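So the protein sequences, as listed, match chains F and A. So for the first sequence, the working numbering puts the first residue at 1; every next one is plus one. So for the second sequence, the working numbering puts the first residue at 453; every next one is plus one. The C-beta atom is built at its ideal place from N, Cα and C for all residues, glycine as well. Since the model is a prediction, treat every value here as computed from it, not as a measurement. The structure appears below as structure tokens.
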Amino acid sequence: MNTTIVQNFLRRWGIVIGLCSAAQLAFTYFASTRETGNIFFPLILFMGPVLLSFDLSKGIARAILLLPVQRREVTKTLCWIGIGLPTLWVAILSVCSMTASVVFDQTVALDWSRLIQTVITAFASLSIVYFALTGLPTNVKEAQEWSARSLFFGALWGFSIGGSMLFSQLVDRSENNTFSSYLLFLIVGIGFAFWGYQRTDDMLSSRSTGRSESRPGPSAPRKSFFDFDSEATGFNHFIVTTVTQVFVFSIVFIVATSVFNTLFLGMLTGQRMGNTSWIDSTVRSLSGQSFIFVVMPSFFLATKLMAARVFRSLPLSASQLSNQFFKLVVISIIAQIILLFTIMTLLTDLASAQKLSKEFFMMGGIGTLIIPLILRFGLKSTTLVVAMPIVFLSALGRIFLPEIYSTNTSIIIGIVAIIVSRFLTEWLLATSSHAYHQLNQQKFANAFYGKG
Amino acid sequence: MSENAIEIRDLRKSFSKFHLGPLDLTVPKGSIYGFVGPNGAGKTTTLDLLFGMGRRDGGSMNLIGMDAIENEVAVKQRVAYVSPDLNYQVWSKVKHVIKFIRGFYDRWDQAYCEELLRRFKIEQSDKIATLSFGNKIKLALVLALARRPELLVLDEPTVGLDALSKREVFSQLLTMIQDGKHTILISSHGLTDLERFTDHIGIINEGRMLLEGRTDELLATHQHIDFEIEGELPPGGHLVNQDRNRHRVITDEPENYTTALKQRGASHISAHPVNLEELFIGLVGENEE
């Protein structure tokens, strides 16, 4: 393992890791005092593979491979950064927070089995996410054609977050054989870690070239799902295609979550599709990951802001442009909520679905704050530092402040958040030059939309 | 009705480490105006302010006879902007971005758009991410020209273009301006291209306009004067070079300057015409010192 690369990684991402650590510490502390069980907290993924993915999208693979360091050593170093180091760090943080809970809350005893479960959950989820990272699309051909491979790895990347959360909750509530479940999860983690290690070298090679393996041929016209063959389109078509993209992505996500529950968790807990346990886990999974669904519209729009200069040079005022952006986001959020409401009504009952819909709307509204944030700071570590608490705390608030989330207050908070975001966006589009001068935007555009 | 396509007066904008202005800039209708300056001089900031990307601290900006901010939408209907920073990757394919952009312009000329794409060898089915850097600039130019703008503003349009592509681009620009109704402003630090294609020039440095006017007149009035002198130089010249008592200055009053030199006992005096690059280095170099 090369310590210089590790130190450099920690120096560059120190602030983000520090904030994630603080949040992890607080969460483990509250979880242990409130006896909410071994709830896995997905922020730890930011300490390793997610930050690594940002580095890779900026082209770090090429820089690392040019260093006078053996390939084998580089591979071990990346695995250590992606899996080993964050697992070790989670273990240390967990010990600290559990010790704190024993000291400050005398009724709670130090629970070593819970510590081991937390570390295993963290290790397994980090391994799965790291493995997914090795297969994520690296060039335009893969990224834009939605190949089966990129879909698989992308889905794995997304589901491992919610899956790990769900797993820890389900096993904690399960009365039978917790030890064997965790043992199995540990074996799964070791398997993915080993597989990820094997694939690291290929990942570095493919990401260091910068060009797609083959330039797409000039034309073989391909009718894509989003390719509405109309005349001049303008913003309405843009809104329709973006909302459709978000909607289709959500359906794929929901279907995959159900399949994940049926196959993966079915093996662990013996649940079968359609039975009460399966419905319970699917509902938990969807509501647990709801922030992903409702924040997704804002995130999709944020990716479109890479073209801020193009939008601003159009014959639209800052106000008109903001209206178009928020039309897109609000329609998307409502579409997502209708989709989730329908599924929840089918799986549970109308009252539960209504309650969840209010939560979703509030989280979606708060999520729109990402748009002015990205306009102001661009997609870089500063934005992550500010955006992460917004996204995750809006989701975690459901656990600690359920009385706000399930009432009509949540709808008012959601509406206020959307209005504030809308006016902040207009103000930033009209007055700030930051939105148009983000070097990282090009790097992010390359990472998200692929590069040639 | 104003005879100028762009009139900027007393424009000011301050950042923590850079101050633009007070800046005056005048682009006559029907001209090709070269907006020249070193990196960080304030060219892009000025153009960004014209298109509402950032808010001015003071001053006025008129485009095609209208205030650029008050009549933002009407101005943008008739003015196009090209820059290497325009990112079209969001639309994935060339045909998608064309459909998106043309929806905003009544005067969009689809036939001209297709002709330009053919000429620049860009396919409508091409993926934008796979276009070379030069082709991305050409695509931006196609999207700008096809809306038949009265004023075309180009920010560093030749960056990354090879010699052939540059010739193609400038040939299209010259075609556009032939009828005298269209105006082009090109911001660049590629001086050789601008000298050939522009008829007006403005040299900016550290946020201030150093010199502005017709290119041929500026080049005709400015001259290099080489001479040897002991002691102080007469006023009215920009020192370009000095080697012991051997000096080279640029002046816009060569006859008066030569007379002043002779009065101060200078010897080996010779005057030479300047090209744009020499004029630029003379003005900006002195300013840097």
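Beta carbon proximity, residue i to chain F, threshold 8 Å
i, result
"G668 (chain A)", "It is worth fixing the name first, because residue 668 (chain A) is Asp in this sequence and not Gly. Not closer than 8 Å to any Cβ of chain F, the Cβ of D668 (chain A) fails to qualify, so no."
"L472 (chain A)", "no"
"Y533 (chain A)", "yes"
"D631 (chain A)", "no"
"D500 (chain A)", "yes"
"F572 (chain A)", "no"
"F503 (chain A)", "yes"
Neighbour list for residue i in chain A, Cβ cutoff strictly below 8 Å
i, result
"K304 (chain F)", "V542"
"T431 (chain F)", "G506 and R507"
"F238 (chain F)", "F552"
Own chain partners of residue i with C-beta closer than 7 Å, once the 5 adjacent residues on each side are dropped
i, result
"R559 (chain A)", "R599 and R600"
"F341 (chain F)", "A353 and S357"
"K327 (chain F)", "I239"
"A220 (chain F)", "Annotation note: pLDDT 40 at A220 (chain F) (below 50); position unreliable, coordinate value reported separately. Excluding positions up to five away in sequence, the list is empty."
"G586 (chain A)", "G612, L613, D614 and S617"
Spatial neighbours of residue i in its chain, beta-carbon cut-off 6 Å, leaving aside the 5 residues before and after
i, result
"F572 (chain A)", "K590"
"R211 (chain F)", "Below a pLDDT of 50, predicted positions are generally treated as unreliable, and R211 (chain F), at 42, falls in that range; no measurement from the model is reported."
"E647 (chain A)", "L728"
"V611 (chain A)", "P536"
"L472 (chain A)", "K465, G494, T497 and G659"
"Y540 (chain A)", "V549 and I580"
"G632 (chain A)", "G482"
"H674 (chain A)", "I702, D704, V726 and L731"
"N657 (chain A)", "G489, A493, V736 and N739"
"L538 (chain A)", "A592"
"P297 (chain F)", "V246, V329, S332 and I333"
Chain-ordered chain F contacts of residue i [CB-CB under 7 Å]
i, result
"E761 (chain A)", "Residue 761 (chain A) lies beyond the stretch modelled for chain A, which goes from 453 to 741, so this question has no answer here."
Interface partners of residue i on chain A, CB under 7 Å
i, result
"L314 (chain F)", "K528 and F556"
"V310 (chain F)", "L538, N539 and Y540"
"Y436 (chain F)", "D500 and M505"
Close Cβ partners of residue i (< 8 Å) along its chain, the five nearest in sequence each way excluded
i, result
"I655 (chain A)", "V488, G489, M661, L662, L663, E664, L731, F732, L735 and V736"
"I116 (chain F)", "Y182"
"I681 (chain A)", "N697, H699, L713, R716, G717, A718 and S719"
"V119 (chain F)", "T87, V90, A91 and S94"
"V294 (chain F)", "I333, Q336, I337, F360, F361, M363, G364 and G367"
"V525 (chain A)", "none"
"G504 (chain A)", "A520, I521 and E524"
"T425 (chain F)", "S322, F325, F326, I371, P372 and L375"
Under 8 Å by beta carbon: chain F residues contacting residue i
i, result
"F649 (chain A)", "Neighbours of F649 (chain A) on chain F: none; closest Cβ ~23 Å, over 8 Å."
According to DSSP, residues forming a beta bridge with residue i
i, result
"F487 (chain A)", "A:S639 and A:G654"
"D631 (chain A)", "Bridge partners of D631 (chain A): none, in fact."
"V701 (chain A)", "A:I677 and A:L691"
"R464 (chain A)", "A:G510"
"H471 (chain A)", "A:S466"
"R660 (chain A)", "A:N657"
"E459 (chain A)", "A:T478 and A:N514"
"Y436 (chain F)", "None, per the DSSP bridge assignment."
Contact list for residue i against chain A, beta-carbon separation under 9 Å
i, result
"G234 (chain F)", "K551, F552, I553, R554, G555 and F556"
"F341 (chain F)", "Under the 9 Å cutoff, chain A gives no residues; its nearest Cβ is about 30 Å from F341 (chain F)."
Proximity test, Cβ basis, 8 Å: residue i and chain A
i, result
"F325 (chain F)", "no"
"A307 (chain F)", "yes"
"F377 (chain F)", "no"
"P216 (chain F)", "Its pLDDT being 40, under 50, P216 (chain F) is placed unreliably in this model, and the value from its coordinates should be taken loosely. Judged by the 8 Å Cβ criterion, P216 (chain F) is in contact with chain A."
Within-8 Å CB hit, residue i to chain D
i, result
"D349 (chain F)", "In the structure shown, chain D cannot be found, because the protein chains are F and A."
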